[in-house]
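Read through the structure below, which is laid out as structure tokens, and then see the notes.
Protein chains in written order, with this note's numbering: chain D, 967 to 1457; chain C, 373 to 526.
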């Protein structure tokens, strides 16, 4: 299987897709506000006419490139391109101010690649066994698994738990629209045929992440980046021995990123700061952190890149996305006929392993292109919103239309954009909404199938070792969350 | 990038109250119209039907949003700000809606380019030469979509 999958990669279009994806990602990621989620959502239509393997590789290349791109503006301008780069900015910008911006970016790049390789290996090791295990899951097990996943998002996603709960429920309520998954009864369709398919994921994503950004900028009219001077970039290099000295930091950060990534809804910002704190506490010179310590750059970068592979484990094996980006990637897999879930590895193992190997191997072009393009990407950070966002509006309209060749989806995108604007201005988190929307239909289906099987008896949800284990995990999560809430000092 | 707002606590109601109020109204309307929007034909089957999950989700949403609204009364809100700023948002939304409405008649190119130009104007672009940029992007996207990706754009 592995050899056959590798042979699938020996195709010029796969290489072109990887290179185009990485370069686009670095450039897009360097522009503050244009995170990987928006970039991938807008680029999905471009992949419609492509074969599944190069299409997914292009999108994952965008993701890899965008995460590194996000660190460019973080290090050089103290403006994180993505939220997860905020931790990188602390020491990266301090290094840049003393003329070591090039070195900081190299540390960021190498740490990113190490984090990515580590998480890819974990992904390859865990995803298929997990999917094989999940083949034994019946409706009751799937329902309890989704309850656990949604609870983790609410309890540990960061920020207000009530806000996260509201967002999950908004997503679940949006997921109700369309045909009932069991009986096919129309629900909130207003007698319209267009509503019967429900709200499609990609138009909602484009609206929430791209159109809402246009509206936020129309409201704020803030330049993406102020007039801050870019510190001079001197020629510099990072020696292997310097990376070797921080091997434990890189390993632990990659480990944190990967395993936090596996938990749904937490995203890459939390592990980036966790890794930063751990690296600081383990350091022989903790006072150097915040004043330009290379480990302060490497730790968050390794962690936030390792999140990708970790988040792909539940996404691909169980169909439960880990964060907003993996929700978009899940949408891309579905559009290309590779429905994530326990059957993915059985039905499309070749394609999936080819994608895993490409993700691993793309570390090489990421290093080369990262070193080549970071000087170009600095200029990209200077693009003004009034030049960029009209193009994003046009791409958003095009992207939403092209999913089903339907203007209804464009209306959905616009509605999601307005909702996204209001929610972002009110500081509600968007990823729980997205995950609620994705999981609503399968959760309801599993729940009702389980109850139909049991004749309406709720004992089915504690009727097997797997469901008992999942219930125990759910209760444990609640207990942990309650424990930490009670321990938190009140001001 | 765009500030998501830092608790201002100056003017009320702010974005949080407005958004929460809208969500509560939507949940209440959903519960009110649930029976008319979801027709269930019983065949004697026991257990949950097509209304059960929506009813549960909408009740939970209404309860959670009501709790948030009550808690928000004691917390700082995110001010709505100058009406001109909201006016720009409404203009972008209305122009995009108008572009979509007109798209079947005028085609994708003119609809999308029109929406793009309004966005550029609302973001402060005043140089006529740079207002051509959305036209170029719309032309490239239209051509690429139709001929490169074979998408039947309006």
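Where a beta carbon is used, it is the ideal one built from N, C-alpha and C, also for glycine.
Asked                                                                                                                                                                   : Found
So the candidates are C:498, C:499, C:469, C:391; which of them puts its Cα closest to the Cα of residue 444 of chain C?                                                : C:391
Apart from the five residues on each side of it in sequence, which residues of its chain come closer than 6 Å, Cβ to Cβ, to residue 1359 of chain D?                    : 1180
Can you find a C-beta in chain D that's less than 8 Å from the C-beta of residue 504 of chain C?                                                                        : no
With distances taken between CB atoms, is the gap from residue 1272 of chain D to residue 1034 of chain D smaller than 8 Å?                                             : no
Tell me whether residue 1319 of chain D is buried or exposed, calling it buried when 16 or more other Cβ atoms sit within 10 Å of its Cβ.                               : buried
How big is the Cα-Cα spacing for residue 1401 of chain D and residue 1280 of chain D?                                                                                   : 12 Å
On the criterion of 16 or more Cβ atoms from any shown chain inside 10 Å, does residue 500 of chain C qualify as buried, or is it exposed?                              : exposed
Can you find a C-beta in chain C that's less than 8 Å from the C-beta of residue 1136 of chain D?                                                                       : yes
Hey, does residue 396 of chain C have any beta-carbon neighbour from chain D nearer than 8 Å?                                                                           : no
Is it buried or exposed for residue 388 of chain C, if we count other Cβ within 10 angstroms and need 16 for buried?                                                    : buried
What residue does the alpha helix (DSSP H) around residue 1414 of chain D start on, and which one ends it?                                                              : 1397-1419
Compare the Cα-Cα distances from residue 1308 of chain D to each of D:1451, D:1331, D:1096, D:993 and report the closest residue.                                       : D:1096
Keeping to the same chain, check which residues put their C-beta closer than 8 Å to that of residue 1298 of chain D; ignore five residues upstream and five downstream. : 1006, 1010, 1013, 1021, 1022, 1025
Kindly say whether residue 468 of chain C, judged by its beta-carbon, lies nearer than 8 Å to any beta-carbon of chain D.                                               : yes
Just confirm the distance between the C-beta atoms of residue 420 of chain C and residue 1417 of chain D, as a whole number of angstroms; I'd bet it's less than 8 Å.   : 6 Å
If the criterion is Cβ atoms closer than 8 Å, does the pair residue 1151 of chain D and residue 410 of chain C meet it?                                                 : yes
CA-CA distance, residue 1217 of chain D and residue 1076 of chain D?                                                                                                    : 13 Å
Report the partner residues of residue 1152 of chain D according to the DSSP bridge assignment.                                                                         : D:1145
Which residue or residues does DSSP assign as beta-bridge partners of residue 410 of chain C?                                                                           : D:1153
Grab me the residues of residue 1100 of chain D's own chain with a C-beta within less than 7 Å of its C-beta, minus the 5 sequence neighbours each way, in chain order. : 1283, 1284, 1308
For a contact meaning CB atoms closer than 7 Å, what does residue 412 of chain C contact in chain D?                                                                    : 1151
Would you say the beta carbon of residue 1036 of chain D comes nearer than 7 Å to a heavy atom of the ligand SAH?                                                       : As far as ligands go, the structure on display features none, and thus does not contain the ligand SAH.
I want to verify the contact list: residues of chain D whose CB lies under 9 Å from the CB of residue 518 of chain C, in sequence order.                                : Going along chain D, no residue has its Cβ under 9 Å from residue 518 of chain C, so there is no contact; the nearest lies around 11 Å.
Taking its Cβ as the centre, do 16 or more other Cβ atoms sit within 10 Å of residue 1057 of chain D, making it buried, or is it exposed?                               : buried
May I ask which residues mark the beginning and end of the alpha helix (DSSP H) holding residue 1359 of chain D?                                                        : 1351-1370
Nearest-angstrom Cα distance between residue 521 of chain C and residue 1329 of chain D?                                                                                : 29 Å
Rounded to whole angstroms, what's the CA-CA distance from residue 1439 of chain D to residue 1118 of chain D? Just pull it up for me.                                  : 10 Å
Among the candidates D:971, D:1165, D:1123, whose CA atom is the shortest distance from the CA of residue 1407 of chain D?                                              : D:1165
Ignore the nearest five residues each way along the sequence and tell me which others in residue 377 of chain C's own chain have a CB closer than 7 Å to its CB.        : Low confidence applies to residue 377 of chain C: its pLDDT is 41, below 50, so where it sits in the model is not reliable enough to give any reading.
Kindly say whether residue 526 of chain C, judged by its beta-carbon, lies nearer than 8 Å to any beta-carbon of chain D.                                               : yes
Taking 8 Å as the threshold, find out whether the region 1106-1125 of chain D comes into contact with the region 1422-1442 of chain D through three or more Cβ pairs.   : yes
Would you please verify whether the beta carbon of residue 1236 of chain D is less than 8 Å from any beta carbon of chain C?                                            : no
Residue 1315 of chain D and residue 1274 of chain D: beta carbons closer than 8 Å?                                                                                      : no
Could one say the Cβ of residue 477 of chain C lies closer than 8 Å to chain D's Cβ atoms, at least one of them?                                                        : no
Below 8 Å, can you find three or more Cβ-Cβ pairs linking the region 456-472 of chain C to the region 1333-1340 of chain D?                                             : no
With 8 Å as the threshold, decide whether the Cβ of residue 385 of chain C is near any Cβ in chain D.                                                                   : no
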